[in-house]
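A.B. asks:
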Amino acid sequence: MKGVWFSAWYATSASSTGAFEWSMERRLPLTRARAGRRRLLTRASVPYLLIMPAVLGFAVFKAYPIAASFWISLTTGNGDARQFSGLANYRRLLDDPLFWTALQNTALILVVQVPLMLGLALLVALGLNSTRVWLRPLWRLGVFVPSLTGLVAAGVMFSVILNHDAGLLNWVLSLFGIDRVNWLGSPFWARVGVVLVITWHYTGYNAVMYLAGLQGIPKELYEAAMVDGAGPVRRFFAITLPQLRPILLLTVVLSTIGTLQLFDEPYVLTGGGPDNATLTVTMYLYNNGFKYFDFGYASALAYALALIVSVLGVLQVRLMGERR
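Under this note's numbering, residues 2 to 325 are what the sequence shown spells out, in order.
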């Protein structure tokens with residue numbers, strides 16, 4: 002009888018031990034997985050995991066196209082027939098008279114338009130910051146609204162305003178006995194028209210930035226200068242401009258970059274004409290890439306433009322940056 006009970010007890014114990022071992026074997030991978038997660042989610046690794054989506058997005062949508070564009074700039078041909086040509090596209094760029102024409106047009110617009118626009122923006126900001134102006138919020142809104150207009154819409158609107166036969170501007174000039182101006186058909190006036198569109202569109206945007214900077218200047222500085230007998234002009238050059246230097250630098254750099262990348266306004270207004278008078282570097286890049294499908298040369302133009310923008314940006318920061 003004891004032997005029977007012992008056999009039954011041994012069989013039950015053996016089956017329980019086997020079930021326990023089987024259960025532990027199933028739980029062991031889960032335990033290891035949880036331990037692996039704990040090792041992965043540490044205080045040092047969590048920041049990297051959080052920025053991983055942004056890094057992957059940058060790598061896929063920014064870094065890879067930049068690298069691919071550089072490789073394409075070193076090749077010639079179309080499609081699968083592309084062949085490595087080294088610096089042939091860059092040598093072609095240096096000998097291309099149309100590229101130098103586009104660069105000259107862009108530089109001319111940059112030299113004329115950026116100082117004009119930023120000067121007007123500063124004057125507008127000074128006026129809007131004055132307590133003598135009534136309904137200042139309404140004026141600030143009106144100044145900023147043009148920057149909300151789409152570039153293509155602004156170009157179409159000004160193409161109507163600057164029309165030679167039925168344009169609003171020529172009609173206003175005729176009221177004062179001034180002959181009609183061929184705004185979009187003359188090389189000189191076509192450049193003037195492009196400058197007008199850009200100035201109208203971006204002056205308010207820069208004025209709001211200057212206004213924010215003016216409101217951040219301590220009033221005690223002006224009060225102390227007035228006690229010392231400094232007039233408005235002296236206060237402007239001794240207090241306002243130095244205090245606005247960081248914002249001035251920002252607007253100059255951004256305006257320079259935007260003008261060097263100018264495309265929408267001249268493309269809609271004149272299409273680069275007349276006689277390539279408003280052809281910009283970006284428009285020339287577009288024509289080579291999407292009209293003539295010469296992507297190698299277009300990529301070389303893009304890298305040349307990026308180099309020019311970088312050099313000008315560094316020079317502006319060095320010249321206008323804080324001196325310590």
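Here a beta-carbon is modelled for each residue, glycine too, at the ideal position from N, C-alpha and C.
Keep in mind that this is a model prediction, so the values were computed, not measured.
Let's see if you can read the secondary structure: which residues bound the alpha helix (DSSP H) around residue 285?
C.D. replies: Start at 1 with the first residue of the sequence shown, and residue 285 comes out as number 284. Where residue 285 is concerned, the enclosing alpha helix (DSSP H) stretches over 282–287.
A.B. asks: What span of residues does the alpha helix (DSSP H) with residue 135 cover, start to end?
C.D. replies: The residue you call residue 135 lines up with position 134 of the sequence shown. Where residue 135 is concerned, there is no enclosing alpha helix (DSSP H), given that its DSSP letter is neither H nor E.
A.B. asks: Let me check understanding here. Comparing Cα to Cα, which of 95, 305, 277 lies closest to residue 187?
C.D. replies: Walking along the sequence shown from the start, residue 187 turns up at place 186. The residue with the shortest Cα to Cα distance from residue 187 is 277.
A.B. asks: If I follow the unbroken alpha helix (DSSP H) through residue 119, where does it start and stop?
C.D. replies: Working through the sequence shown from its first residue, we reach residue 119 at position 118. Counting along the chain, the alpha helix (DSSP H) containing residue 119 begins and ends at 98–130.
A.B. asks: Indicate the three-state DSSP secondary structure (helix, strand or coil) for residue 85 in the structure shown.
C.D. replies: Translated into positions along the sequence shown, residue 85 becomes position 84. Residue 85 falls in the strand class under three-state DSSP.
A.B. asks: For the alpha helix (DSSP H) that residue 65 lies in, which residues bound it at each end?
C.D. replies: Numbered from its first residue, the sequence shown carries residue 65 at position 64. Element bounds for residue 65: 65–74.
A.B. asks: Looking only at DSSP bridge pairs, what is residue 366 linked to?
C.D. replies: Residue 366 is absent from the model: the chain starts at 2 and stops at 325.
A.B. asks: Tell me whether the beta-carbon of residue 130 lies closer than 8 Å to the beta-carbon of residue 216.
C.D. replies: Taking the first residue of the sequence shown as 1, we reach residue 130 at position 129. Taking the first residue of the sequence shown as 1, we reach residue 216 at position 215. Their beta carbons are under 8 Å apart, which means residue 130 touches residue 216 by this criterion.
A.B. asks: Taking the alpha-carbon of residue 155 as reference, which of 307, 318, 269, 313 has the nearest alpha-carbon?
C.D. replies: For the purposes of this step, residue 155 is taken as residue 154 along the sequence shown, with counting starting at 1. When each option's Cα is compared against that of residue 155, the closest is 269.
A.B. asks: By how many angstroms is the C-alpha of residue 83 removed from the C-alpha of residue 249?
C.D. replies: Taking the sequence shown and counting its residues from 1, the one referred to as residue 249 is at position 248. Taking the sequence shown and counting its residues from 1, the one referred to as residue 83 is at position 82. If I take the Cα positions, the gap works out to 45 Å.
A.B. asks: Helix, strand or coil: which one does DSSP assign to residue 52?
C.D. replies: On the sequence shown, residue 52 is found 51 positions in, with the first residue counted as 1. Looking at residue 52 - three-state DSSP - the assignment turns out to be helix.
A.B. asks: Could you give the distance in angstroms between the alpha-carbon of residue 200 and the alpha-carbon of residue 114?
C.D. replies: Working through the sequence shown from its first residue, we reach residue 200 at position 199. Working through the sequence shown from its first residue, we reach residue 114 at position 113. Cα-Cα distance, rounded: 7 Å.
A.B. asks: One question on the structure: do residue 311 and residue 73 come within less than 8 Å of each other, judged by their Cβ atoms?
C.D. replies: Residue numbering aside, residue 311 sits at position 310 when the sequence shown is read from its first letter. Residue numbering aside, residue 73 sits at position 72 when the sequence shown is read from its first letter. Result no, Cβ atoms of residue 311 and residue 73 do not sit closer than 8 Å.
A.B. asks: How many Å lie between residue 45 and residue 295 at the Cα?
C.D. replies: Here residue 45 is taken as the residue at index 44 of the sequence shown, counted from 1. Here residue 295 is taken as the residue at index 294 of the sequence shown, counted from 1. Rounded to whole angstroms, residue 45 to residue 295 spans 48 Å at the Cα level.
A.B. asks: Answer with buried or exposed for residue 122, where buried requires no fewer than 16 other C-beta atoms within 10 angstroms of its C-beta.
C.D. replies: In the sequence shown, residue 122 corresponds to position 121, counting from 1. It is buried - the Cβ of residue 122 has at least 16 other Cβ atoms within 10 Å.
A.B. asks: If we count the other Cβ atoms within 10 Å of its Cβ and call it buried at 16 or more, is residue 256 buried or exposed?
C.D. replies: Mapped onto the sequence shown, residue 256 falls at position 255. That one is buried.
A.B. asks: To the nearest whole angstrom, what separates the beta carbons of residue 207 and residue 119, a pair I think is in contact under 8 Å?
C.D. replies: Along the sequence shown, one-based indexing puts residue 207 at 206. Along the sequence shown, one-based indexing puts residue 119 at 118. The distance from the Cβ of residue 207 to that of residue 119 is about 6 Å, consistent with a contact at the 8 Å cut-off.
A.B. asks: What do you get for residue 265, buried or exposed, if any count of 16 or more other CB atoms within 10 angstroms of its CB means buried?
C.D. replies: Numbered from its first residue, the sequence shown carries residue 265 at position 264. With 16 or more other Cβ atoms within 10 Å, it is buried.
A.B. asks: My assumption, with CB atoms under 8 Å, is that residue 205 sits in contact with residue 144. Please give the rounded CB distance.
C.D. replies: Counting from 1 along the sequence shown, the entry for residue 205 is found at position 204. Counting from 1 along the sequence shown, the entry for residue 144 is found at position 143. The pair is a contact, with the Cβ atoms about 4 Å apart (cut-off 8 Å).
A.B. asks: When DSSP labels each residue in this structure, what does residue 305 get in the three-state scheme?
C.D. replies: Here residue 305 corresponds to residue number 304 of the sequence shown, with the count starting at 1. Collapsing the DSSP output to three states places residue 305 in a helix.
A.B. asks: Please state whether DSSP places residue 247 in a helix, a strand or coil.
C.D. replies: Taking the sequence shown and counting its residues from 1, one reaches residue 247 at position 246. Helix.
A.B. asks: Is the separation between the beta-carbon of residue 281 and that of residue 106 shorter than 8 Å?
C.D. replies: Reading the sequence shown from its first residue, position 280 is the one you call residue 281. Reading the sequence shown from its first residue, position 105 is the one you call residue 106. Contact: yes.
A.B. asks: Check this for me: beta carbons of residue 271 and residue 191, under 8 Å apart or not?
C.D. replies: Counted from its first residue, the sequence shown places residue 271 at position 270. Counted from its first residue, the sequence shown places residue 191 at position 190. Their beta carbons are under 8 Å apart, which means residue 271 touches residue 191 by this criterion.
A.B. asks: Beta-carbon within less than 8 Å of residue 286's beta-carbon, same chain only, minus the 5 sequence neighbours each way: which residues are those?
C.D. replies: As a working mapping, residue 286 is identified with position 285 in the sequence shown. So the list reads 299, 302, 303, 306, once near-sequence residues are dropped.
A.B. asks: Do the CB positions of residue 163 and residue 170 come within less than 8 Å of each other?
C.D. replies: Position 162 of the sequence shown, counting from 1, holds the residue named residue 163. Position 169 of the sequence shown, counting from 1, holds the residue named residue 170. Yes, Cβ-Cβ distance for residue 163 and residue 170 is below 8 Å.
A.B. asks: I think residue 110 touches residue 260, with their Cβ atoms under 8 Å apart; what is that distance to the nearest whole Å?
C.D. replies: For the purposes of this step, residue 110 is identified with residue 109 of the sequence shown, where counting begins at 1. For the purposes of this step, residue 260 is identified with residue 259 of the sequence shown, where counting begins at 1. Going by Cβ atoms, the distance from residue 110 to residue 260 rounds to 6 Å, so yes, they are a contact pair.
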